[in-house]
Each structure stands twice: as C-alpha cells, then as structure tokens.
Amino acid sequence: MQLRSNEPTGPIENRWEKHKEANKLVSPANRRKYTVIVVGSGLAGGAAAASLGEMGYNVKCFCYQDSPRRAHSIAAQGGINAAKNYQNDGDSVYRLFYDTVKGGDFRSRESNVFRLAELSVQIIDQAVAQGVPFAREYGGLLGNRSFGGAQVSRTFYARGQTGQQLLLGAYQALSRQIEAGTVEMFSRTEMLDLIVHDGRARGIVTRCMKTGKVSPHIADMVILCTGGYGNVFYLSTNAKGCNCTAAWRTHRHGAAFANPCYTQIHPTCIPQAGTYQSKLTLMSESLRNDGRVWVPRKKEDVTKRPEDIAEEDRYYYLEERYPAFGNLVPRDVASRNALYVTNDGLGVGPEVDGERRGVYLDFGDAIDRLGEQTIQERYGNLFEMYERITNDSPYETPMRIYPATHYTMGGLWVDYNLETTIPGLFAGGEANFSDHGANRLGASALMQGLADGYFVLPFTVGNYLGEVRTLPPLAEDHADVTGAVTAVEERIQKLMNAPDPKHAPEHFHRMLGRIIWTKCGMSRNKEGLEKALRDIPKLRDQFWREVKITGTGEELNQTLERAGRVADFFELGELMCLDALRREESCGGHFREEHEENGEALRDDDNFSYVAAWEWTGTPGEPRLNKEPLTFEYVKPSKRSYK
Amino acid sequence: MSEELLNLTLHVWRQDGPDDAGRFETHQAKDITTHMSFLEMLDVVNELLIENGKSPIAFDHDCREGICGTCGMVINGVAHGPQKLTTTCQLHMRQFKNGDEIWLEPWRASGFPVLKDLVVDRTAFDRIIQAGGYISIRTGSASEANELPVAKEIADQAMDAAECIGCGACVAACPNASASLFTAAKISHLSLLPQGQAERQDRARKMVAQMDAEGFGGCTNHGECEAACPKGVSLRWIARMNRELVRAMVTADAPIESRKR
C-alpha cells in the first residue's frame, strides 16, 4: 500500500491556496450529473451535504438517527476555536497552528493543521451569517473565552451548547437544500457496507431501520462523516448509537485505519454509579479553573463523608505533583493521575465491581473566596446537571469525578484531500485521523468538523470528480452491487441465528469495554495489551456463538442494530490494542508505562514519528502496518512538561 | 449516597408497527436502584426480555444527556415524566417509590405516527424546518462576523428560543397536539436576529402553513407545552409567531399554499 499525503510544498501559509489553484473543477452545469453520497449528518456530514447540494451536486445524505439534527456533534459543550484575534491578545493563524501541532504531541501533519487554523476564521463568519447565536458582549460584538489552558481567548461559544447551535446551523442549511431538491435525506438508515467497483468507491448498502429493507445506493463517490469509535469502551461520553460500523466496513474493503490507539480520556466526567450504567456524562473542563482535585490520604478514610476528612488528611495530588500547573494540567495528565490514586485504593464514591473509581473536585475554597453567587454564575447549570444525576449538591459537598472516553483522534487514514486509500472514498470530521495527532485540544473538534464539511470537502470532491470525469455506469444488478447486498443480508442472518443464543448484545459489549478500558485506556503496558489481544478473539467467538436477538430482521429491531455494531467493535478493539502494543512510546493520549521518566510521558521521535496506517488483510488481528513518516518544518518537536 | 432498591410494575404501550392497533402490556422491573436513570431501568427490563426470548420494548434514545432530543415518552400521563425541565434520559429512578405502577406511552399525535411501541415518526418537524426554518446563506459567502453587531439582549433572546431540542414533548402535552411551540421557537430565533430579516415574512408564512399541513392542531393557549418542555422554551414565542404571521399576511402579495405531506 502506497501512502501519498498529496500535501503541497512551499511556504506553509500558501499551501492551501496553491493546492486549490492547481486542482480540477467541475462546471456548474455538470455538477447535477454527479451523485455524491454523504454518510452522517453531524457537523462534518451536515455541512458537506448542504454545501455540495448548494453547489449543484446531486447529494444523498444518510443518518441512523430519526433526524439529521440529532447527530452527536450536538452534545459538544465548550466552544469552537478560531484565530480571529478579536481580543487583541496576539492570536494568529500561525499561533493556533502551533498550539494544535504541539498539543497533538507532534503526531499530526503540519500542512493539514495549518489549513485547519486558516479556515477557522471563515467558520465563525459562516455560522454567524446562518444565525448561530454566539455569546456577545454588551457592545454587540462576539465574545470569547480562554479554554483548555490556551494562553489566548480564541474560543467562541453559545452558552454551554455550542455544538448544538453549530449543528442546528448546519442542519438548517441542509434542510434548505432538501427543500430545494438537491439533497435527498435518508434518516433512520444505517450504512452496512461499501460498494467498490473497478477499485473505486461507488456506493453503499444500507438497512432501513424502520422496515429492515436492505438496499444498494449507487453514486460517483462516497464521503464518510460518521464520527468516532469511543463506544468501543462501552462506557463513554458518546451517544448510545455512535458506532464504527461504516468506517470499519470500508476498512475491510481496503481503507487504511490510522492510529487507532489515540483516544482521548476526558478527566472531568461523572463517575460510574453501578454495573447497569449505560453511558457517562461529561462535566465541562472549565470546572477545574475553580475546583480543587483531591482524594483522602489514608485508605481508611475513603468511606467517610468528605466533610469529615480533616484538611491535613486530604491529598491534593495534582497540586502536589505539578506545582506549576496544579489542577489545570492537560487532560491526559489529569486523567492518568486519577487512575494512579484510585489504583492505590484512595478512590471515593460507591464501589462498582469491587473498586471505588472517583476523586473529589472541591469547590469549598472557591465558594469561601468568591461567594456562592459567583460560583453559581460560573457553573450554575453544570452544578444543576450534576445534582440531577447524582442527587448531591456541589455547593454543599465536593463533586465526584472520574475520567471517561470522550474523543478518538484515530480514524480512517486520509490524504490532504481527505481521500482514503480507496479512490472515491473520502472521510471528514472525527471519522478521519487527520488533524489532532495523538491528543486533541479543547474546542477544536467543532472547528475540524466544520472546516472539513464547509470548506475542504466541497473543494476536494470537485477535484476528484474533475479528474475522473466520467465513471462507467454501474447497474444495480452488477455482481459488485448484488454481492455487497448479499453479504449484508447474510451477515444479518448470521447474527439473528447464533448457534447457542444466550445473551443480549450489550452483555458482550460491556465485557469488551471492560477489557479495552482496563488494558488500553489511560495507561497501557505490554503485558496488559498482550492479554487483551488473547482475550478479545475469545470473547468475539463467544459473541458470534451466543448473541441473542429476538424478533426478525425485517422490522424495527434495535437489538439487531446494536449487535451489528458490537460485532465491528470487536474487530476494531483488537486493532486498537495491537496499535497500542506496537507503539513503543508514550505520546498524547497513548501512555505506555514502559516509556516514562519520573512518571511523565516519554516520546520517541527517532522511531515513532509516523502515522500508523493499518491495512486489512482478510483476517481480524492480522493487519499490515504501513507508515507515513511525519516531518516538522515549522514546529520543532519539544517535550511537554507541566511540573 | 444512600441506595434503595425498587420493585416496579410497568404498563407499557406495545404496538408492533404503524398499522397495529396496539395494547398495554405489563412488565415487572425488579431490584432497580435509585441511582439508575429511567432509560437504564428500561435497559435492565429489556435485557431480561431478550434473554427470555421475548421482544424488548422499543424506545428512542441517543445522547442520554438531554441535548439530542431523541428520547421521549409519556410517563404516567406526563411528557418526559414527573421532573420539571428534564428529558426522559435525565430522569432518575429516585423520583419513584418502591411498588409504584408506571404507565408508559408514546407521544400521541396524528402528526407523529407510531412506528413501534414507544417510537414515533417525528419527520414532520424536519419538514417544518425545511419549509423555511433557515437563513439562506451560501457557504463561503458570509461577510466578516463582527461587521454586524447584535445587541447582547437580542442575541440572548435568540439563544433562549434556539435552545429547543426538537423532542416533540410540546406536541405530546398539548390537548390539541399543536406544534406551535416548536415552530414558534425557530421563527422567533431567526426573526430576532438581523441576519434573519430578509426572509422574515416568507419564513413565518411557510413554516406555519407546513405545520398546519402536517396535521398538528392549533394553539388555544393551554400552556401545557411550556410546562412539559425540558428546555423551558417560553410560551411567549407563540405570541411572537402569531405577530410575525399577521405581519406577513398583511404584507403578502399572494397566499402561500400548504405543501403536501
């Protein structure tokens, strides 16, 4: 497999312009002759489908939700970065680029990241023009805040619902195109396979989730904007329906999967309360600005009420270990340390599976210093949400928090055009691996999704179609189409008719999640990963033998939907562990216990400064590794230190 | 953190498909902890139903953090259940007592046909937005964002209206099954902002016409919608929608025809 990044050369600030100048176009009159499939309707997919429809392409957009407005982009709270420098604090495109490359721990492609920073300013213009009600100052201009430890205020936000408002902006633009007839929308429709003809992506096979009907959709090209794979951990902050099936099905057809071991574990989530728990809820990172993180110093105190633990018996472990940054250390450092103190038996809260996995986030000092009124103004809605879920008031007793999976930096390998290793198959948003390296900075997921959807894909799609000009017609009765449909139908039958049906798909998903979380979570080691690689195939075999689905495949069947997704998580989970095992260094969200120095991550640029792009070989667990070397012309790799 | 175990009797609306007549079915939910969310309680019931070879209760849900608007059912006659300003997914079992009987029904409205059990088809909401719930701006043609200041109080009001999550509880709660609160929230959000002025009148007429064409009832000021809304979207937006509509009608050249469903 040849990995060509196709990135332009020359001064980095001119690369995107230069690339656009050199590339092919499709004339307005010819665009309607091309059918473009967009799978997913979140920030990337919704924005891409709307923009392509507007340009005149014949677009078909698919989502598993009942409406495109429900994609999980909607849940993003904090904000979106843009290098507008409205606050006059010295921000610039270059600085945003620099911060993002460094924040990604030098594991991303410089050209892509620069383009992202460059496009960030246009996103804000676009969203404001659509009516996105961003926070404003009294003078009527846009407000900003500093977010995630950035030294400039470049984050735009709409209360705690920035993702919602940006998604509704894209959804409304998409709705306008549906009304105009340029986009045909298929909601409650799940992509279950890719149609490849003559080496190119030419369509998809879907299952209608209302009737169970399996159908092919033929097109000139396919774009996946299907989100991340965080639900491989079972418990995550993702929506319950988030899944890797569309991306994984294309991987099995030859799309390389890059850096699967790069996952982000967010430090401030509400801890698990019981084994029945179905998902975890994120509490905004901004809470660490005023909250102090601690656990009891003595094991015998973990069951005491926090109010009854004397000041000298409280272990403010982040403040003690990282005096310079204290409670504001980056996400990965905060998460890992929560793991260590709870491993030492100092965790608090209810016991789940025999362990207490929680640490305190205490606002007592902040309330004494600033008054309850100020704290309420800053965090009122978050405290309310916390109380609704836990029944504890953070005004009276410390919050309990614990890290949870939040975002996956890994994804389908794409070149500068966002094209995967299958010609005609593109990937945008969290589904691709492109811009965040080994670690994503706060308020940059929305930025990337919208940059890909509004500004990159509409252009690179034209370039692809302009290059291929006319594709030979593909009939629905061609063997490449009927073969894909049959494969989907057979797989559904196989799931429905396990030889020894015993348990619902959730049962297996929980067990898989437990393996991945403990062995390939915040802290990883060789022994654990090797054990995971032995256990996952066994559990997968058990799944295929014992999964139990009632009802039929020809109706609305949520158990069947879940089973298909869990089956793919098994294969992806195995690849994740393999990637984590092979990457013998610690970088960003990937921390290998063998590679540390005084407890801090030790990157190995000499041997691992590459993108690991895994190629399917036909057998789960036996992929081929391809490497895309990373070079840094502008931001020289340096060590992250927060001591 | 005191934990209590509940045993509950659920009377659940079961309907095999859009054409099935449907009926209530009784299920027991045993050893439910008060820390569970309402949907986790249903997960436990469903997992047991599957293991016993029975068909699980179909219900819509996704983000489970109260923002996507996917979940929603009528719990003991109240859309999203007993807790104010709370979606079904954020409702927790500590709101219930041991031995409670709980009646679960789908949103009931002719604009929201039942697909299965507690799952309804809300695509009518999408069509109302498609009729005009947007500002027409071509990608890439926007001017500099700070060129047009928006007074903070106007932006805040627009945000209040824009908080609607499109769950449909307003329709389920309304005795007329009116979609006025949903439609009014979007009309208000966009008509408040300077960017939304050009299409203001067309938007109001088209969205209201579509709302009527979908078979939702009219608003007769019961106020149940606001009471049921998990995001506290205010009734005053309906008054605003009516003002927008009157304004649009008196200045219209020709009546706008309802689109087909």
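Chains as they are written, first to last, in the working numbering: chain A, 201 to 843; chain B, 1105 to 1365. We put the beta carbon where it would ideally sit given N, CA and C, even for glycine. Just so we're clear, the structure is a prediction, and the values are computed from it rather than from any experiment.
- Separation of A:Ala684 and A:Cys408 (C-alpha to C-alpha, rounded to the nearest whole angstrom) is 16 Å.
- Using a CB distance below 7 Å, the part of the segment 1156-1173 of chain B facing chain A consists of Gly1157, Lys1158, Ser1159, Pro1160, Ala1162, Asp1164, His1165, Asp1166, Cys1167, Arg1168, Glu1169, Ile1171, Cys1172 and Gly1173, ordered along the chain.
- Rounded to the nearest angstrom, the Cβ distance from A:His272 to A:Gly242 is 6 Å, consistent with a contact under 8 Å.
- For A:His397, the enclosing beta strand (DSSP E) has its first and last residue at Thr389 to His397.
- When A:Arg765, A:Gly728 and A:Glu761 are compared, the shortest CA-CA separation from A:Arg740 is found for A:Arg765.
- Of the residues A:Leu435, A:Tyr429 and A:Val414, the one whose Cα lies closest to the Cα of A:Tyr602 is A:Leu435.
- Within the same chain, Cβ atoms closer than 6 Å to the Cβ of A:Met385 are found at Cys261 and Ile378, the five residues on either side in sequence being excluded.
- Contact between the segment 497-513 of chain A and the segment 632-641 of chain A is absent, with fewer than three C-beta pairs closer than 8 Å.
- The three-state reading of DSSP puts B:Asp1124 in coil, since its state is none of H, G, I, E or B.
- With a beta-carbon spacing of about 11 Å, A:Gly349 and A:Ala643 fall beyond the 8 Å limit used to define contacts.
- Excluding its 5 nearest sequence neighbours in each direction, A:Phe297 has C-beta neighbours in its own chain below 6 Å: Val313, Phe314 and Ala317, listed in chain order.
- Secondary-structure assignment with DSSP links B:Ile1291 through no beta bridge to anything.
- Using a 10 angstroms sphere on the CB of A:Pro699, the tally of other CB atoms stays under 16, which defines it as exposed.
- In the DSSP assignment, A:Asp562 is bridged to A:Arg492.
- Contact between the segment 1181-1188 of chain B and the segment 1122-1138 of chain B is absent: fewer than three C-beta pairs spanning the two stretches fall below 8 Å.
- Linking A:Lys284 to A:Val559 through their CA atoms gives a straight-line distance of about 37 Å.
- Annotation for B:Ser1214: Gly1319 place their beta carbon closer than 6 Å to its own, counting only its chain and skipping 5 residues before and after.
- Sixteen is the threshold: when 16 or more other Cβ atoms of the shown chains lie within 10 Å of the Cβ of A:Gly240, as they do, the residue is buried.
- At least one CB atom of chain A sits nearer than 8 Å to the CB of B:Val1254.
- Judged by DSSP in its simplified three-state form, A:Asn807 adopts helix.
- Membership of A:Asn663 in any beta strand (DSSP E) is not indicated; the residue belongs instead to the alpha helix (DSSP H) covering Leu657 to Val668.
- By the neighbour-count criterion, in which a residue is buried when 16 or more other Cβ atoms sit within 10 angstroms of its Cβ, A:Gly554 is exposed.
- In this structure, B:Arg1309 places its C-beta atom within 8 Å of the C-beta atom of B:Leu1349.
- Against chain B, a Cβ distance below 7 Å from A:Thr759 picks out Ile1154 and Pro1160.
- A direct Cα-to-Cα measurement between B:Asp1204 and B:Leu1114 gives close to 9 Å.
- DSSP links A:Phe262 through a beta bridge to A:Val239 and A:Phe386.
- Against B:Gln1234, the close residues of chain A are Ser375, Arg376, Ile378 and Glu379, in the order they occur along the chain (beta-carbon pairs closer than 8 Å).
- Assigned with DSSP and collapsed to three states, B:Glu1155 falls in helix.
- The segment 646-658 of chain A makes contact with the segment 620-635 of chain A, as at least three CB pairs between them are under 8 Å.
- For A:Met599, the enclosing beta strand (DSSP E) covers residues Met599 to Thr608.
- With fewer than 16 other beta carbons inside 10 angstroms of its own, B:Val1354 counts as exposed.
- For A:Asp266, the CB contacts under 7 Å within the same chain, skipping 5 residues up- and downstream, are Ser387 and Arg388 in chain order.
- With a 10 Å radius around the Cβ and a threshold of 16 neighbouring Cβ atoms, A:Pro598 comes out buried.
- Taking the beta carbon of A:Ser387 as reference, the chain B residues within 9 Å of it are Thr1227 and Asp1230, listed in sequence order.
- For A:Ser478, the nearest beta carbon of chain B is closer than 8 Å to its own beta carbon.
- Nearest to A:Arg488 by alpha-carbon distance, out of A:Val293, A:Asp615, A:Tyr294 and A:Pro530, is A:Pro530.
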